[in-house]
Each structure stands twice: as C-alpha cells, then as structure tokens.
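Asker: Going left to right, the sequence shown walks through residues 6 to 417 as my numbering numbers them.
For every residue, glycine included, the Cβ atom is placed at its ideal position computed from N, Cα and C.
Because the structure is a prediction, the values reported are computed rather than measured.
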Amino acid sequence: MYTNMADEVMEVVDWKVNERLETDLKTLVKQNLRRKEILDILRQKYPNYPWSLSTLDRRMRHFNLWYLDKTTPIEAVKDAVAKELEGPGKLLGYRALNNKLRLYHDIKVPRNLVADVVFDLDPEGVAARNVKKKKRKAKIPFVADGPGWVFSLDGHDKLMGFQNSTFPLAIYGCLDCFSRKLMFIKVWDSNSNPLTIAKFYMEYLVNSKEMPRFLRIDRGTETGDMGTIHTYLIDKHGNFADPTDSVVYGPSTSNKIERWWRDLHERMELFIKQQLRGLLHSFDYDPTSELDRDCMKFIFIPVVQRECDIFANLWNSHRIRAQKDLELPTGVPNHIFACPEQFGCEKKLVDVSEESLIEVGQLANIDQAPDDYLSPENRELFASIIPNPIDIECKHLSDRYLYLKSQVIQMV
Numbered sequence: 006m007y008t009n010m011a012d013e014v015m016e017v018v019d020w021k022v023n024e025r026l027e028t029d030l031k032t033l034v035k036q037n038l039r040r041k042e043i044l045d046i047l048r049q050k051y052p053n054y055p056w057s058l059s060t061l062d063r064r065m066r067h068f069n070l071w072y073l074d075k076t077t078p079i080e081a082v083k084d085a086v087a088k089e090l091e092g093p094g095k096l097l098g099y100r101a102l103n104n105k106l107r108l109y110h111d112i113k114v115p116r117n118l119v120a121d122v123v124f125d126l127d128p129e130g131v132a133a134r135n136v137k138k139k140k141r142k143a144k145i146p147f148v149a150d151g152p153g154w155v156f157s158l159d160g161h162d163k164l165m166g167f168q169n170s171t172f173p174l175a176i177y178g179c180l181d182c183f184s185r186k187l188m189f190i191k192v193w194d195s196n197s198n199p200l201t202i203a204k205f206y207m208e209y210l211v212n213s214k215e216m217p218r219f220l221r222i223d224r225g226t227e228t229g230d231m232g233t234i235h236t237y238l239i240d241k242h243g244n245f246a247d248p249t250d251s252v253v254y255g256p257s258t259s260n261k262i263e264r265w266w267r268d269l270h271e272r273m274e275l276f277i278k279q280q281l282r283g284l285l286h287s288f289d290y291d292p293t294s295e296l297d298r299d300c301m302k303f304i305f306i307p308v309v310q311r312e313c314d315i316f317a318n319l320w321n322s323h324r325i326r327a328q329k330d331l332e333l334p335t336g337v338p339n340h341i342f343a344c345p346e347q348f349g350c351e352k353k354l355v356d357v358s359e360e361s362l363i364e365v366g367q368l369a370n371i372d373q374a375p376d377d378y379l380s381p382e383n384r385e386l387f388a389s390i391i392p393n394p395i396d397i398e399c400k401h402l403s404d405r406y407l408y409l410k411s412q413v414i415q416m417v
C-alpha cells in the first residue's frame, strides 16, 4: 500500500524532470495556442498528471516558458525579418510572419513590433499586399461532422509551367475538411502517376493507422489506385452498405484543398517561380533536356518540399478567424483536429490494422511505385558535387542549379 502511494506521488512530481513534457509545452507555446487549447491537448497526452489553468501556468513558469520574451533585442528581430524577406517570407503578411518567427527563429515578440519592422524594411512589399477587398460570390456553407469525416486530396501544378510539362515540380496534398489541418504534402517530379499518388496515401495510413470515412478527389486516372485502396480498407473496417460510396468525386474547383493551394501559391511559390522564369527566359534551362530536368529535380525538389513543410506547419498552427456563414469551427487547425469535443464533435477516423495495410499494399503493388525521381547513377553523381541540396537557401536555387549543371557538363 505504501509503495502504491509513493508511486502515485512520483507520478505527480516527476513532471519537473519530464523532458518530453517540457518539449511539448515549448512547442505549443511557440505555436501561440491559447492556454485553454494547450490544456486540452496536454490532458489527452498526459492524463496521469492533474491539469488546470493554474497548474499549467505553474509548470510553464517552472520550465521558464513565456508567450512573449521582452528581453529580445530589436536587432535580433530585424535580422530575422530581413532573412525571411530574402526568401518566401517576403510574401507573408505580418501575422503569418510573426508566427514563422516564433516557430523557426524562437523569437516571441508582439505582432505590432513585427509589423513595424516589416514596414521599415520592406515598405513596397507592405503596399503591394494591402490590396482592396474583392467582391466575392456567395458560397454554399460546407459542413463536416468531425475530424476524419472527409479528407480532400488534389494535385497542384502551378510550379510546372505551360501544359504542366515545363518544370518537373509537382505537388500533391491532403486536407482534413473539418479542422482544415493539412495532413500531408508531397513534392515530386509528377503528380499524374497513379502508383505514386497511392503510395503517398499509403505512407500516411501506415504512419497514422487511421483513415477518413470519405475521400474527396478528382475523377482522374491519377486517383484510381488511391480510391481503390480506400474502398478496400473501408470495406474491411468501415460501416458502409456500399464501400464505393466512401469515395466522392467532383471537379477541382469545388475541392476544399483548392483554397489552401491559393495561399501556398501567393505566400511561397511565387518566390520560387521568379527563379524558374529567370532560368527559362535566360535560356539556362531547356525543358526538353534530360540533363537540365534532372539537375532541376535534384536542386529544387528537396528545397520546395522543405518550404512546403514549413508553410504547412505554419498553416496548421495559425488561427482561423470567425467568418460570416461559416458552419465549421474557428480556431487553430492542430487544436481543432486533436480536440473536436471542445467544438461539440468527435473524431470520425477509422482505425486500420497493420495486417490490412500489408495486404492492400501487396494487392495494389505499392512496392512498384518509384522511390526516387532520379536514376541511382545521377543521384550519386549530383551528390558528389552538392552533397546536401536540402540545405540550399531559396534565394540561391538558381545559382546552385547553374553550378551543378556546369560541373556535370565538365565531368561528362
């Protein structure tokens, strides 16, 4: 009896030395979640600890975690903002930029300070983003019953250029329609191969062991294998009279993820497109040359993937503000997805067994999907010249591409 009481005391006390709790708390504070939202998530993740707002405040003080750091020198803020303005960060508004400073520079300062610094360093950019409000068409409210009810999946071709063939830079993503959380985003040399798209979806299922009840996808050849996989698994684990009803087809224009593509394009991709156009117009890139295309894949794809992951993380931790006639919850996508009961709903995800995933992977021949967009020979050759392309800064993409191409020509 004494041992059990001691164990219970230790369970309560050992939060002070729980490094995982400290890391999670630090991440949630950096995401600028409200204390109530942090409390919802921690109660789920650490049910053995007692939780209340006062307890949360005490533990944040113990780990020396604060929403704002008043000791941050203004020069550090200016340096971080200036660095972001050299890359895709120049396309962000001050709210999104402040969120990025918190997440990736560990700079926690008031939004108005970031707005003032941006205005001082980039007044032209501020003026360009301050567009007049556009008149929008009336929209039919979208309704979803909870996280995992509907996943919206679609490809994005804005970086591929004319007829989706100029540049080998394709994107494919998945969005939970209830929370608006981006579940995954992949960058590849094409998003039209059915096996590749099916592999993206299978990777998500293997990692999460959960699947949505419905998929909302386009009726294209690239989605056929993915739709079949989903139908097969729903038939095994779902509760559908006709499992084919779990795949909903429709045009891209009415797909929920289309709204996210617009933000990605305006706040990240335009910076990349400027360099792509420059290479094309200066005749330094020939879309019909296999060497040029492979060099572009090696240099650009890892960096675009990195920037997409960063933007997705920013999106999932930003706050969706209240909108007129919106019948979906407002708040932070990560919090909405993790704690739907706070919004009067529950998770609708369907558990998937390991055995079913192995079985459907074999039936769909997922192992035949390409695992690289370069040949082993070119991968080895290019890596001998530039070992870590993922570390390239966005502003240096064109220069690195030209350097790689020139070195390869000399060696071959």
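1) Suppose you measure from the CA of L386 to the CA of S197; what does that come to, to the nearest Å?
2) Residues in the same chain with beta-carbon distance under 6 Å from N169, minus the five sequence neighbours each way, listed in chain order, please.
3) Taking the beta strand (DSSP E) that C350 belongs to, which residues open and close that run?
4) Got a sec? Which residues, its chain only, sit under 7 Å from K88 by beta carbon, not counting five neighbours each side?
5) For the 8 Å Cβ check, are there 3 or more pairs between the stretch 178 to 189 and the stretch 200 to 218?
6) Got a sec? Which residues, its chain only, sit under 6 Å from K35 by beta carbon, not counting five neighbours each side?
7) How would you call Y254, buried or exposed, if buried means at least 16 neighbouring beta carbons within 10 angstroms?
8) Does the distance from the C-beta atom of P338 to that of I325 stay below 8 Å?
9) Rounding to the nearest angstrom, what Cα-Cα distance links V417 and G160 in this structure?
10) For G166, which residues from the same chain have a beta carbon less than 6 Å from its beta carbon, with the 5 sequence-adjacent residues on both sides left out?
11) Closer than 8 Å by C-beta to D121: which residues in its own chain qualify, once you throw out the five before and the five after it? Chain order, please.
12) Note down the Cα distance separating A374 from P392, rounded to an integer number of angstroms.
13) Would DSSP call W20 helix, strand or coil?
14) How far does the beta strand (DSSP E) with F156 in it reach, from first residue to last?
15) Expressed to the nearest angstrom, what Euclidean distance is found between the alpha-carbon atoms of R100 and R405?
16) Buried or exposed: where does A327 fall if 16 or more other Cβ atoms within 10 Å of its Cβ makes it buried?
17) If you drop the 5 nearest sequence neighbours on each side, which residues of the same chain put their C-beta closer than 7 Å to that of I112?
18) So which of N23, N37, G153 and L61 has the shortest CA-CA distance to A343?
19) Compute the Euclidean distance between the alpha carbons of A11 and T236, then round it to the nearest angstrom.
20) Check this for me: beta carbons of L229 and L220, under 8 Å apart or not?
21) Can you tell me whether DSSP reads C179 as helix, strand or coil?
Answerer: On the basis of the supplied data:
1) Along the sequence shown, one-based indexing puts residue 386 at 381. Along the sequence shown, one-based indexing puts residue 197 at 192. In a straight line, the C-alpha of L386 is about 27 Å away from that of S197.
2) On the sequence shown, position 164 is the one that residue 169 refers to. In its chain, beyond the 5 residues on either side, D162 have a beta carbon closer than 6 Å to the beta carbon of N169.
3) One-based indexing of the sequence shown puts residue 350 at position 345. Per DSSP, C350 belongs to no beta strand (DSSP E) and is neither H nor E.
4) Here residue 88 refers to the residue found at position 83 when the sequence shown is read from its first residue. Counting only Cβ-Cβ distances below 7 Å, and skipping sequence neighbours, we find nothing.
5) The answer is yes - the stretch 200 to 218 touches the stretch 178 to 189, with three or more Cβ pairs under 8 Å.
6) One-based indexing of the sequence shown puts residue 35 at position 30. Within the same chain, Cβ atoms closer than 6 Å to the Cβ of K35 are found at R107 and L108, the five residues on either side in sequence being excluded.
7) Here the question's residue 254 lines up with position 249 in the sequence shown. Per the 10 Å Cβ criterion, exposed.
8) Locating residue 338 in the sequence shown gives position 333, counting from the first residue. Locating residue 325 in the sequence shown gives position 320, counting from the first residue. Yes, Cβ-Cβ distance for P338 and I325 is below 8 Å.
9) The residue given as residue 417 occupies position 412 in the sequence shown. The residue given as residue 160 occupies position 155 in the sequence shown. So the alpha carbons of these two residues sit roughly 35 Å apart.
10) Along the sequence shown, read from residue 1 onward, the residue named residue 166 stands at position 161. Taking G166 as the centre and dropping the five residues before and after it, the same chain places the C-beta of F172 closer than 6 Å to its C-beta, in chain order.
11) As a first step, residue 121 is located in the sequence shown; it is residue number 116 there, counting from the start. Around D121: no qualifying Cβ.
12) If you number the sequence shown from 1, residue 374 lands on position 369. If you number the sequence shown from 1, residue 392 lands on position 387. CA-to-CA, the gap between A374 and P392 works out to about 25 Å.
13) Residue mapping note: residue 20 aligns to position 15 of the sequence shown, counting from 1. Looking at W20 - three-state DSSP - the assignment turns out to be helix.
14) Along the sequence shown, one-based indexing puts residue 156 at 151. For F156, the enclosing beta strand (DSSP E) starts and ends at V155 to H161.
15) Here residue 100 refers to the residue found at position 95 of the sequence shown. Here residue 405 refers to the residue found at position 400 of the sequence shown. Those two C-alpha atoms are separated by around 31 Å.
16) Position 322 of the sequence shown, counted from the start, is the residue given in the question as residue 327. Result: exposed.
17) Position 107 of the sequence shown, counted from the first residue, corresponds to residue 112. The beta carbon of I112 is closer than 7 Å to those of T77, A81, V82, A85 and L106 in its chain, skipping five residues each way along the sequence.
18) The count along the sequence shown starts at 1 and reaches residue 343 at position 338. Comparing Cα positions, the closest option is G153.
19) Locating residue 11 in the sequence shown gives position 6, where the first residue counts as 1. Locating residue 236 in the sequence shown gives position 231, where the first residue counts as 1. With a pLDDT of 40 at A11, under the threshold of 50, the modelled position of that residue is not reliable, and the figure given next carries that caveat. When rounded, the separation of the alpha-carbon atoms in A11 and T236 is 51 Å.
20) Position 224 of the sequence shown, counted from the first residue, corresponds to residue 229. Position 215 of the sequence shown, counted from the first residue, corresponds to residue 220. According to the sequence shown, residue 229 is Gly rather than Leu. No, the Cβ-Cβ distance between G229 and L220 is not below 8 Å.
21) One-based indexing of the sequence shown puts residue 179 at position 174. C179 sits in a strand when the DSSP states are folded into three classes.
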